[in-house]
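Worksheet for the structure shown next.
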Amino acid sequence: MARLGIDDLEQLKGTHLDRADQAELLSTQTECSVIFHNDEDWPTGIVMSFIVVDGTFWLTAVEGRLHVRSVERDPRVSIVVSSAGSGLDGRRMLSVRGEATVHRDRETLDWFLGEFTTRLQPEDPVSWRKLLDSPKRVAIEVRPVGITASHDQRKLPGNGRGIPKKG
């Protein structure tokens, strides 16, 4: 019988990201890949900054962009968050399926821009908010409907790459 992380990486059962580690990843990481269907109905994706508030993803864009048009046509999206560049130890990944809603109303934009800029630019949220608060700005809310996949390489011997443990 093959040993996961020692002999091969075939059966990854048990390497999912636990809820507490999902929360840590989502509160630490600031960028995600958003996957949607383009005008030709091909899956495509972009990297966007995000925040999570009460389990819901929030992003922003400008009216008329492909991803805004696309989620209004078909609200089904996937969001993939990895630990790359976050400073967290180990390779971690979470893929979430969700339904997107585009918000244009002033009340939602005011709330969202305050949360977004404070979290992602804490040194000077006011200046960034001034830049973002443009006439065509929208907020995109993505309500998760399920987890597609997750992975926590820290659960694998040898760092998941065959590296012997030290000591």
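Going by our numbering, the sequence shown runs without a break in its numbering and finishes at 162.
Beta carbons are placed, not taken as given, at the ideal position from N, Cα and C, and that holds for glycine.
The structure presented is a predicted model; accordingly, all values stated were derived computationally and were not measured.
Kindly indicate which three-state DSSP category residue i falls into: helix, strand or coil?
| i | result |
| --- | --- |
| threonine 143 | strand |
| glutamate 102 | helix |
| histidine 11 | coil |
| glutamate 118 | coil |
| leucine 89 | strand |
| glutamate 26 | strand |
| lysine 125 | helix |
| phenylalanine 111 | helix |
| leucine 83 | coil |
Sorted by chain position, which residues of the same chain lie with C-beta nearer than 6 angstroms to residue i's C-beta, five sequence neighbours on each side aside?
| i | result |
| --- | --- |
| glutamine 206 | Nothing about residue 206 can be read from this structure; the chain reaches only from -4 to 162. |
| threonine 143 | Ser90 and Arg92 |
| phenylalanine 111 | Ile46 |
| arginine 149 | Gly85 |
| threonine 188 | Nothing can be reported for residue 188, as the shown portion of the chain is limited to -4 through 162. |
| serine 77 | Met88 |
Between residue i and residue j, how many whole angstroms is the CB-CB distance? I'm expecting something under 8 angstroms.
| i | j | result |
| --- | --- | --- |
| threonine 87 | leucine 20 | Looking at the sequence itself, residue 87 is arginine, so the reference to threonine does not match. At roughly 5 angstroms, the Cβ-Cβ gap stays under 8 angstroms, so arginine 87 and leucine 20 are in contact. |
| threonine 39 | leucine 83 | Going by Cβ atoms, the distance from threonine 39 to leucine 83 rounds to 27 angstroms, so no, they are not a contact pair. |
Using CA coordinates, which residue listed in the options is at the minimum distance from residue i?
| i | options | result |
| --- | --- | --- |
| arginine 60 | Ile46, Phe45 and Val97 | Val97 |
| valine 57 | Val66, Gln148, Thr51 and Asp49 | Val66 |
| arginine 132 | Leu54, Asn33, Pro120 and Pro70 | Leu54 |
| aspartate 69 | Trp37, Val76 and Thr51 | Trp37 |
| glutamate 26 | Val42, Gly141, Arg114 and Asp119 | Val42 |
| phenylalanine 52 | Arg64, Asn33, Val75 and Asp34 | Val75 |
| arginine 64 | Val121, Gly50, Lys125 and Asp34 | Asp34 |
For residue i, I'd like the list of residues in its chain whose CB is within less than 7 angstroms of its CB, leaving aside the five on either flank, ordered along the chain.
| i | result |
| --- | --- |
| valine 72 | Val29, Ile30, Phe31, Val66, Gly93, Ala95 and Val137 |
CB-CB under 8 angstroms to residue i, same chain, minus the five flanking residues each way: which ones, in chain order?
| i | result |
| --- | --- |
| serine 129 | Val57 |
| arginine 14 | none |
Does the stretch 105 to 116 come close enough to the stretch 38 to 54 to have 3 or more Cβ pairs within less than 8 angstroms?
-> Touching, per the Cβ criterion.
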